[in-house]
Amino acid sequence: MRTGLIRYGFALSALLLGVFVGAPAMVQSAASQSVAVAPSLSEYEAQDVMIPMRDGVRLHAQVWRPKGHIGKLPILMTRSPYGFTKDRIDLGLSKAGGYGELAEDKFIFVFQDIRGRFGSEGEFVNLRPLKKTADGIDEATDTFDTIDWLVTNLPDNNGKVGVFGVSYGGWTAAVATVNPHPALKAVTSQASPEDMFIGDDFLHNGAFRLDYAWSWVSALETDGRTMNAFDFGTDDAYDWYLKQPDLANMDQRLLGRSMPSWQNFVSHPNYDSFWRDSRTSHMMPAKVAVPNLIVAGWWDQEDFYGPMTIYANQEKGDDRGLNYLVVGPWNHGGWRGEGSKYGPFELGGQTGQWFRSSVELPWFRHWLKGVGELDQPEALVFQSGSNRWQRLSRWPAVEGKRRNLYLQADGKLSFDAPQPRKGVSSFVSDPANPVPYRDRAILKPFMRPGSDWSTWISDDQAPFAKRKDVLFWQTEPLAEDVTVAGDIAARLFASTTGTDADWVVKLVDIYPSDATTPEVLRGRQRMIANDVFRGRFRASYEKPAAIKPGKVLEYKIDLHSASHVFRKGHRIGVQVQSSWFPLIDRNPQTFVPNILRAKPGDYRAQTHSVFYSRDFPSSISMSVAPDAK
186 MRTGLIRYGF
196 ALSALLLGVF
206 VGAPAMVQSA
216 ASQSVAVAPS
226 LSEYEAQDVM
236 IPMRDGVRLH
246 AQVWRPKGHI
256 GKLPILMTRS
266 PYGFTKDRID
276 LGLSKAGGYG
286 ELAEDKFIFV
296 FQDIRGRFGS
306 EGEFVNLRPL
316 KKTADGIDEA
326 TDTFDTIDWL
336 VTNLPDNNGK
346 VGVFGVSYGG
356 WTAAVATVNP
366 HPALKAVTSQ
376 ASPEDMFIGD
386 DFLHNGAFRL
396 DYAWSWVSAL
406 ETDGRTMNAF
416 DFGTDDAYDW
426 YLKQPDLANM
436 DQRLLGRSMP
446 SWQNFVSHPN
456 YDSFWRDSRT
466 SHMMPAKVAV
476 PNLIVAGWWD
486 QEDFYGPMTI
496 YANQEKGDDR
506 GLNYLVVGPW
516 NHGGWRGEGS
526 KYGPFELGGQ
536 TGQWFRSSVE
546 LPWFRHWLKG
556 VGELDQPEAL
566 VFQSGSNRWQ
576 RLSRWPAVEG
586 KRRNLYLQAD
596 GKLSFDAPQP
606 RKGVSSFVSD
616 PANPVPYRDR
626 AILKPFMRPG
636 SDWSTWISDD
646 QAPFAKRKDV
656 LFWQTEPLAE
666 DVTVAGDIAA
676 RLFASTTGTD
686 ADWVVKLVDI
696 YPSDATTPEV
706 LRGRQRMIAN
716 DVFRGRFRAS
726 YEKPAAIKPG
736 KVLEYKIDLH
746 SASHVFRKGH
756 RIGVQVQSSW
766 FPLIDRNPQT
776 FVPNILRAKP
786 GDYRAQTHSV
796 FYSRDFPSSI
806 SMSVAPDAK
């Protein structure tokens, strides 16, 4: 749920560029006086409206319609907590904007602040769960009431509504399908979170995403009408977080009062009903009734788990063939920009612009205007390494052969079964010196001006492989291409001298160092899949348990999925470590009931060991495409 200019229709994040947008222009009455934007970049004009909900609360929205258009048009709506300013919407709807293709085709656009945010009345609740009583409210009822008001009160609408959005807006688009209004004909849920404890913004497998969580909460929950980033007073995120005396009371100590989401993090350290009730798939209907184009980016630094899991869960109830998936070569919301490059990696064309004109626009033209046949495969997937799009009947399209890459002695990685003799590699993990998630020279806080958080997954991982607290294995140069298409998982047999430990696993594509490789990529380790697992949850996310020191335990870690070609001459590599700071908070490595309440004395250096042998076959399991040997 990244904050930024994506919420206004651009590709680039305002927060990452240091552009912080305050409250929108003064909210006007429901009489909706037209507001001129000077100079106008788009061919649209705006109105402010206050829309009543069933409980009497009024939500603010901006309605943008094409100037001078004659005839009925469908409505396209997005709902967000991040606020909308007229100049930025105007730019987003211009030919140069991230919604320029849609705007040129003519729709009535509606941008709405959700409850308690900017111009809307009521109380903001982060990822508000579904109502528990018949007279309750939630984001689904607010969407229903908004659509009902729009089709009744906006002149010259054709009675058809589409809902779209990225990140938090993608989530509101997804829950719009819960008991949907009859006028809702199509949605595109883009980069929506699904489960904040298991794999999206705030935690991964129970490990707390510290920098993101603090930056988001401190910006969003200090004032309902602003979106101002916390002033860290430094560009060194690593040092700043390392010096914090406690985490549980950071909000009160640094902001002067409790922040609702932060205190929820502290109060719910395990996977309880608080987290389960906010799962997106828990909210969505069992049977798919509204066409949904689910969009994900392979290198989404915030919500990759979400759209992939929503798609998989919705497939179970998609009897009518209304569940679609697009996975492209993008970071979080990157399809709203040009999309020709990610970090140093060329993508073979303007993938973002192509998606908007060739996929998103035809989607809404078909469902809302009845124009054109829908030439959309169920799964449209970009294959990295080859830079080509695949039109698939589902994802994964065909279950490839499951193959295991085994960790071997002497840092070797091979598809061959491990040797019978015992192998082990060990390292000291020191919470006072955790492994940074990126080079310290560029490791700025998430929302700090000049931060390039949006591309950190493209960082070269080679420098980390040289650290003493990171284990590293690699294959020989590949004799032929190896194509991975589907789920990837790590199986580690490991022990610790402590009573808790985190395990971070990274699968990397190692480029050759010779002149056949572009200079910027020589020797580079490109991250293809990754994640972290908090050891206390090895048996249950609901009931964490201490680890017995010295005992070899099996850890199964979901590295999600990929569609990637490891080219002939490249190597495949695996890195294993136990910290990733401050992307992930530090594990004290001493079991405590709640890590956010850990005391300084709880943090202790421990020795972690990874085992590899016939008895302990630590490995990476992947689905290798049928055409690969």
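In this text, residue positions in the sequence shown follow our numbering: the first is 186, and each later residue adds one.
The C-beta atom is built at its ideal place from N, Cα and C for all residues, glycine as well.
- The count of Cβ pairs closer than 8 Å, one atom from the region 765-774 and one from the region 390-397, reaches three, so the stretches are in contact.
- Contact between residue 673 and residue 744 holds: CB atoms are separated by about 4 Å, below the 8 Å threshold.
- The Cβ atoms of residue 645 and residue 752 lie no closer than 9 Å to each other.
- Here residue 671 is actually not in contact with residue 463; their C-beta atoms are around 28 Å apart, not less than 8 Å.
- With a 10 Å radius around the Cβ and a threshold of 16 neighbouring Cβ atoms, residue 559 comes out exposed.
- The region 736-750 makes no contact with the region 401-420; the number of CB pairs closer than 8 Å stays below 3.
- In the DSSP assignment, no residue is bridged to residue 572.
- With a cutoff of 9 Å on beta-carbon distance, residue 668 and residue 734 are scored as not near each other.
- Pairing residue 270 with residue 810, the inter-Cα distance amounts to about 47 Å.
- In terms of CA proximity to residue 454, 382 leads the group 443, 382, 255.
- With contacts defined as CB atoms closer than 9 Å, residue 726 and residue 675 fail to qualify as a contacting pair.
- Taking one beta carbon from each stretch, the region 627-639 and the region 399-419 have 3 or more pairs nearer than 8 Å; the two touch.
- Its Cα nearest to that of residue 805, the residue 597 stands out among 597, 789, 245.
- At the C-beta level, residue 791 and residue 650 stay beyond 9 Å of one another.
- Between residue 297 and residue 274, the gap from beta carbon to beta carbon reaches 9 Å or more.
- The beta-carbon separation of residue 625 and residue 788, rounded to 20 Å, does not stay under the 8 Å limit for a contact.
- Between residue 484 and residue 643 the beta-carbon gap is near 7 Å, inside 8 Å, which marks them as a contact.
- When DSSP assignments are scanned along the region 670-707, no uninterrupted stretch of alpha helix (DSSP H) that is 4 or more residues long falls wholly within it.
- Here the C-alpha atom of residue 592 lies approximately 52 Å from the C-alpha atom of residue 308.
- For residue 706, the closest C-alpha among the options 717, 716, 694, 541 is that of 694.
- Within a 10 Å sphere around the beta-carbon of residue 639 sit 16 or more other beta-carbons, which makes this residue buried.
- Inter-residue distance for residue 797 and residue 617 is about 28 Å (C-alpha atoms, whole angstroms).
- In the three-state DSSP reduction, residue 251 falls in the strand class (E or B).
- For the options 594, 407, 562, 637, the alpha carbon positioned closest to that of residue 446 is the one of 407.
- Per DSSP, the unbroken alpha helix (DSSP H) holding residue 495 starts and ends at 490-500.
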